[in-house]
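Report on the following structure.
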Amino acid sequence: MSGIVLKNVVKRFGDETVIPELSLSIAEGEFVVIVGPSGCGKSTTLRMIAGLEDVSSGSIHIAGRDVTWLQPKARDIAMVFQSYALYPHMNVAANMSFSLRLSRTPKAEIRERVRKAAEMLELTEFLERKPRDLSGGQRQRVAMGRSIVRDAYCFLFDEPLSNLDAKLRASMRTELSILHKKLDRTMIYVTHDQIEAMTMADRIVIMEKGRIQQIGTPREVYNTPDNVFVAGFIGSPSMNFLDAELVEEEMLTVRGDGFAFPLAPELAARAKASRSSRVVVGLRPEHFAATTTTGRAADSTLAPVHLEVDVAEYIGSSQFLAARIGSKQIAAAVEVGPDTLPMTSGEYGFDTNRLYLFDSDTGESI
Amino acid sequence: MNPNSTRYGRYLIRLLIIVPGFIFTVLWFLPLLWIILTSLKPTAEILTNPPQWLPSAFSLEHYGRVLEKPVGQWTINSLYIAIISTILTLVLGAAAGYAFARLRFFGRDILFWLVLASFMMPFEVMLIPLYRMMGDFGLVGTRWSIILPSVAGPFSVYLFRQFFLSIPRDLEDAAAIDGAGVWARFVLVVLPLSVPACTAVGILAFAENFNQYIWPLIMSTSDAVMTLPVGFGQFAPSLQGSTNITQYYGMGAAAATLLIIPSLIVFLILQRFFMDNIITSGMKG
Amino acid sequence: MRRVNPFAYTFVIPFLIVFAIFRIYPFLLGILTSFTDARVGPRPGNFIGLENYIDVINNSEVRRAFIVTFQYSLIVVPMSFFIGLAMAVYVDRKLPTHTISRLVFFAPFVLTATIVAIVWNWMFQTQFGLVNVGLGMLGLPDRIAWLKEPDLILPVIAFITTWWQAGFAMVIFLGGLQNIPGELIEAARIDGANPWQTFWRVTFPLLLPVSTLVITITLIEAMRVFSLIHIITRGGPSDHSTTVVFYVFQEGFVRFEQGMAAAVGVVLFLVIMVLTVLRFTLLRGDQSYF
Ligand SMILES: Nc1ncnc2c1ncn2[C@@H]1O[C@H](COP(=O)(O)OP(=O)(O)OP(=O)(O)O)[C@@H](O)[C@H]1O
Ligand SMILES: [Mg+2]
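Residue numbers (the numbering used here), protein chains in the order written: chain A, -12 to 353; chain B, 544 to 828; chain C, 127 to 416.
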């Protein structure tokens, strides 16, 4: 079995259990992004794969080998740290070649590999510089370069972009994706930025409190979240949750404080099967729609809902609304067309095909 | 308020601080200046009141008399002891400090606790037992009897540990992933980043070992091991009865000057390390 | 299951060997010796139980030594503290003279005790010493026998020690001052505090950890005072400057009552331990300053 496999991994720090039990298998060549809120155990998981932390129990396999008790250097991995961890006393070339020198690679080969990596990352002119004389983005690339020259089986990234400004981060995201295609290596990438996760991942692993909440492609986790946590975590701005009751009217309907949405047939069937009457309704902000001058859109799945708008922020393509349904604060993002009415309190539409229902006790998706 | 007058007021306040401060500074230095001048005066001009500031003619007679003692041998002893102690302190302290900071081994916490606890054991408590031990080991009358106890102090281990803890852990993790073992990490990554700590510990250890008094005093059975501070103690006038006291003031001044000048020169060269490093590597956690 | 690094021992063992032989072992041996009537020479002496300790309590000389040491500490600690603090505050204001002042204040600290003793012996000389000469120029009494007056000897030694070591306190205070964010001072100014108020209400409280450090260090140093006493006064006049360590030295290496000397040493250790523990309980949670 190739790729990377974690079997029933448990991690405790003293009395505190940080990872209660975690199993995960990653295919060779896959780009997996682990996301989750701060402190949920992402870095710890990554560091256990790297061999920088011992597991408390369970086992880790890389490329079919049980590496659970091997030193980091025996695991054939490369890693990029959030702080970059560049050796301050070595210049860029020496930083990149450190591992090769330790493994006594022939000098000519070292030079060749460093040259290639530097070229790929456009670092050639900086090879003689010390890290402190580089900009943040350049340092970041040196950190990448240091892992690339290794040509390791697997690359681990712990929030490598979080110290960059927004623009640089966006362009590095693209470069990382390209790099993944070029190198064709397994990559595990940790972040708490869901945009990075959505844009780069083959599969996303969503963690909370040391537990995996869902594993899936970006589309899957966005469109069919397994539970309230995933639904709320993926998507920006995040999903609104409203308490509601299932009531039989002419169609099966969810009714709550200030709203009533008929359910689309498929969802209605599932809701019936679940036989819970108290539910949580999930509404993504981007699935609200404004009323146009020509009246409500003809789209029959658009259900009317009254929004009491507190603040409207115009950002060009769309408009963010801080509003209330009944007494509950919600956020909505509404597309603005030429014929859109001014954004004030009143009638808005919501696409009932995009409505999510969760069991109010378990938080599981219905 | 007129801006000019507040500005004028500020200058006045500055002046009120600068002038007394400067006088205080001069007074603080005066004793050293005076002892140096005294050492250069002919005996007759030393004991005068009102004092004669500058000698009528520079005289080296006191130096001549100081050098009748085996000052050369004492110097060699002092340097030998200070240098060897410093090197050992650096090597043993850095290695142990690193282990306590970063490595996991059985008994680490208890051992480190012991090292910390030994801060509370004043050296003076160990005078008697150390003296008896040196006798047993046959080390009395050797320089090693002075070197070894000073190397055993906890100070360098503690300082190095604190410093190593301040080095970002990621650097060592990165090195581990790059394939470096413990010693490679220590030698290739940690030590090159520890030059400030090494300088600080080295300078402090050297100064302390060069200047120590009570233990070398007890161990100085002969000129073969006697150090400068102990040897020069013989020139302190109060110890010499009342005969010939004039001469002793001159000799004392000459002896003191012989050590003051190099001490101050070394201090001036290294002052940045003395003063900055006590702040940065010594006291911060 | 934990991965323990076998190489770790290669790092600590060299130090631990020296540490065990020349620090821990003599310490334990000292405690052992304090229960014997050991004199000089290879024979360990006979076990005599608590006799030495009973002596410590009953012997007026020992009691004197502790009293003298405490008196000395009470003078030298505040003296070094406030002079060191004043120096730090003066030097910290970036006045034109601050570099030279900083150097001068610290310079005596690098000198060995012998030099300090010789220098001040000469300064305090009754007839020709610069101290009395200076007093004379100011029209003050100028025939004071500084080193021979029983009541003056401790303040004089304390003063000499302050000259010698206040620079060290200054440097620690400077470290503390530089750790205080400038905005705090500015905020106090804006709130209308004058420099004097700013110092005592804002700066000084923030120096608390450093202050405790300075006090602990100078206090422990004071308990151990020896070299200046040995060179300048030999414990005199009569026994007015016979401090604990000087007593240990006399008893152990002049009178060769090593069992008794060891017992006094152990008591000194206990005093220092209590001081250290006190400091840590007072300042728990602030482990960053040792
Ligand atoms: N060495 C340690 N000792 C004790 N607890 C630790 C240690 N390292 C991490 N933890 C705890 O483990 C939990 C998970 O930490 P981890 O660093 O993996 O979080 P993370 O998901 O990477 O968060 P972030 O996004 O903030 O980096 C945290 O609650 C943290 O306090
Ligand atoms: Mg993390």
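Backbone N, C-alpha and C define an ideal beta-carbon position, used for all residues, glycine too.
Beta-carbon contacts of residue i that lie in its chain and below 8 Å, excluding the five residues immediately before and after
| i | result |
| --- | --- |
| B/L736 | I710 and L714 |
| B/W758 | F666, L670, L673, I689, P692 and S693 |
| A/S314 | D244 and G245 |
| A/A104 | M83, L110, G132, I135 and V136 |
| A/K259 | L239 |
| B/T581 | I589, Y792, G793 and A796 |
Beta-bridge partners of residue i, as assigned by DSSP
| i | result |
| --- | --- |
| A/H76 | According to DSSP, which records beta bridges pairwise, A/H76 is partnered with nothing at all. |
| A/Y343 | A/G269 |
| A/Y335 | A/V292 |
| A/P249 | A/T240 |
| B/D713 | Paired residues: none, contrary to the question. |
| A/Q201 | A/I193 |
| A/Y176 | A/V20 and A/F144 |
| A/F228 | A/G269 |
| A/I49 | A/I(-9) and A/R52 |
| A/N214 | A/E351 |
| A/T4 | A/R(-1) |
| A/I312 | A/K315 |
Integer-rounded CB distance, given that residue j should sit under 8 Å from residue i
| i | j | result |
| --- | --- | --- |
| B/F831 | C/Y151 | Shown here, chain B extends from 544 to 828; a query on residue 831 of chain B therefore has no answer. |
| C/L256 | C/M249 | 5 Å |
| A/V(-3) | A/G45 | 5 Å |
| A/I404 | A/V177 | Outside the displayed range of chain A (-12 to 353) lies residue 404 of chain A, so it cannot be described from this structure. |
| A/P205 | A/I191 | 6 Å |
| A/F228 | A/V267 | 5 Å |
| C/V203 | C/A348 | 6 Å |
| A/R100 | A/L87 | 7 Å |
| B/N754 | B/P772 | 6 Å |
| C/F372 | C/F352 | 6 Å |
Sequence-distant residues of its chain with Cβ nearer than 7 Å to residue i (five each side left out)
| i | result |
| --- | --- |
| C/V392 | G156, I157 and S160 |
| C/G411 | Confidence at C/G411 is low in this model, with a pLDDT of 48, below 50, so the placement of that residue is unreliable and no value is reported for it. |
| A/Q290 | Rather than Gln, the amino acid found at residue 290 of chain A in this sequence is Ala. Counting only Cβ-Cβ distances below 7 Å, and skipping sequence neighbours, we find F248, P249, G336, F337 and T339. |
| B/Q783 | Confidence is the limiting factor: at B/Q783 the pLDDT is only 46, short of 50, which leaves the residue's position unreliable, though a coordinate-based value still follows. Excluding sequence neighbours, B/Q783 sits near Y791. |
| A/K196 | C27 |
| B/M544 | Note that B/M544 scores a pLDDT of 46, beneath 50, so its modelled location is shaky; the value from the coordinates is reported in the next line. Within the same chain, B/M544 has no close Cβ partners at all. |
| B/N752 | I624, A625, S628, T629 and S693 |
| B/R651 | F643 |
| A/K29 | I21, G23, V177 and M194 |
| C/P363 | K274, P276 and I279 |
| B/S785 | Residue confidence is low: B/S785 scores 47 on pLDDT, short of 50, so the model does not pin down where it sits. No coordinate-derived value is stated. |
| A/V167 | The sequence given here has His at residue 167 of chain A, not Val. Excluding sequence neighbours, A/H167 sits near F18 and M174. |
Residues of its chain near residue i, where Cβ-Cβ distance is below 6 Å and the 5 sequence neighbours each way are ignored
| i | result |
| --- | --- |
| C/A243 | L354, I357 and I358 |
| A/L254 | none |
| C/L426 | Because residue 426 of chain C is not part of the residues shown, which for chain C are 127 to 416, the question remains open. |
| B/G832 | This structure does not reach residue 832 of chain B, given that chain B is present from 544 up to 828, and the question cannot be answered. |
| C/V374 | A387, V390 and G391 |
message = Which residues end up in the neighbourhood of ligand 1 when you take C-beta atoms closer than 5 Å to any of its heavy atoms?
response = A/F0, A/V5, A/S25, A/G26, A/C27, A/G28, A/K29, A/S30, A/T31 and A/H179
message = Give me the subset of the stretch 754 to 777 of chain B whose CB atoms are less than 7 Å from a CB atom of chain C, sorted by chain position.
response = N754, Y756, I757, I761, P772, F775 and G776
message = Which residues of the stretch 716 to 737 of chain B have a Cβ closer than 9 Å to any Cβ of chain A? Give them in chain order.
response = D716, A717, A718, A719, I720, D721, G722, A723, G724, A727, L731, V732, P735 and L736
task = Could you name the residues of the stretch 679 to 703 of chain B whose beta carbon sits closer than 8 Å to any beta carbon of chain C, in the order they occur along the chain?
result = D679, L691, P692, V694, A695, G696, P697, V700 and Y701
request  = Pull out every residue of the stretch 213 to 233 of chain C whose Cβ sits closer than 8 Å to any Cβ of chain B, in chain order.
outcome  = Y216, R219, L221, P222, T223, I226, S227, R228, L229, V230, F231, F232 and A233
query = Looking at chain C, which residues of the stretch 739 to 750 of chain B have a Cβ within less than 8 Å of any of its Cβ atoms?
reply = A750
ask   = Going along the chain, which residues of the stretch 565 to 593 of chain B sit with their C-beta nearer than 9 Å to a C-beta in chain A?
value = none
Interface residues of the stretch 69 to 90 of chain A facing chain B [CB-CB below 7 Å] = S70, A72, Y74, P75, H76, F85, S86, L89 and S90
key: Under 8 Å (Cβ pairs) to chain B, residues found in the stretch 387 to 410 of chain C   = A387, A388, G391, V392, L394, F395, I398, M399 and T402
query = What residues in the stretch 32 to 46 of chain A bring their beta carbon closer than 9 Å to a beta carbon of chain B?
reply = R34, A37, G38 and L39
Contact residues within the stretch 181 to 198 of chain A, judged by C-beta distance below 8 Å to chain B = none
request  = Below 8 Å between beta carbons is the criterion; list the residues of the stretch 237 to 259 of chain C that meet it against any residue of chain B, in chain order.
outcome  = L237, T238, A239, T240, I241, A243, I244, V245, W246, N247, W248, M249, Q251, Q253, F254, L256 and V259
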